[in-house]
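Peer 1: Residue numbers (the working numbering): 95 to 248. No residue lacks a Cβ here, since even glycine has one placed at the ideal position from N, Cα and C. Structure incoming, see below.
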Ligand code: HEM
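Encoded structure:
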């Protein structure tokens, strides 16, 4: 299965074509900038920074974060196909994918908590669960970005 992926014309175009790798990796960089950028902005607001921005405004950021995540699942899987049998044995890759999956679960939990408690968060501050989710989310997405960068080196 992994070798089949590596031998597809699509994977070969990405790996050997002039434009393949730069195009897909640039898409991956854009996706991570959008996803991680929006998630960070939302979490920093939840942790009490720039209080002038209404908490409800951060919900709009979530929509963009999902677009970035979608872009990175597509571009990431495309990159993965090029050297699949190597990536499944790469510790930074495996740590990264784990951090992303847990990061996405926390994003859904934050979205649900915000849906339930937004009025309370706006009037009397964010719950401790909301703050803990924000801190854990920041740690996980930093881990995802750092290990993502290390894949090529380790
Ligand atoms: C929002 C989620 C994601 C983030 C934040 C992320 C982050 C990163 C980062 C920072 C890099 C290094 C880019 C560079 O070298 O300039 C990278 C590379 C890579 N990512 Fe992701 N990624 C995400 C999702 C995925 C997914 C879902 C997959 C696979 C299914 C994936 C597969 C890869 C691969 C194969 C590379 C190339 C590694 C190499 O240089 O050989 N990524 N990612």
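Can you list, in chain order, the stretches of the alpha helix (DSSP H) that have 4 or more residues and sit fully within the segment 138-214?
Peer 2: Taking only runs of at least 4 residues, the alpha helix (DSSP H) segments lying wholly in the segment 138-214 are 149-176 and 178-181.
Peer 1: Let's test the definition: count the other Cβ atoms within 10 Å of the Cβ of residue 101 and tell me whether it reaches 16, buried, or not, exposed.
Peer 2: The residue given as residue 101 occupies position 7 in the chain shown. Exposed: under 16 other Cβ atoms inside 10 Å.
Peer 1: Within the present structure, is the beta-carbon of residue 230 separated from the nearest heavy atom of the ligand HEM by less than 7 Å?
Peer 2: The count along the chain shown starts at 1 and reaches residue 230 at position 136. It does not: the Cβ of residue 230 is nowhere closer than 7 Å to a heavy atom of the ligand HEM.
Peer 1: List the endpoints of the continuous alpha helix (DSSP H) containing residue 103.
Peer 2: Within the chain shown, numbered from 1, the residue matching residue 103 stands at position 9. Per DSSP, residue 103 belongs to the alpha helix (DSSP H) from 103-110.
Peer 1: Applying the 10 Å Cβ sphere with the 16-neighbour rule, what's the burial state of residue 182?
Peer 2: Position 88 of the chain shown, counted from the start, is the residue given in the question as residue 182. Exposed, because fewer than 16 other Cβ atoms sit within 10 Å of the Cβ of residue 182.
Peer 1: By Cβ distance, which residues of its chain are closer than 6 Å to residue 54, with the 5 residues on each side in sequence left out?
Peer 2: This structure cannot settle anything about residue 54, because the visible part of the chain is limited to 95 through 248.
Peer 1: Check for me: the alpha helix (DSSP H) holding residue 241 runs from which residue to which?
Peer 2: Residue 241 sits at position 147 when you count from the first residue of the chain shown. Residues 222-244.
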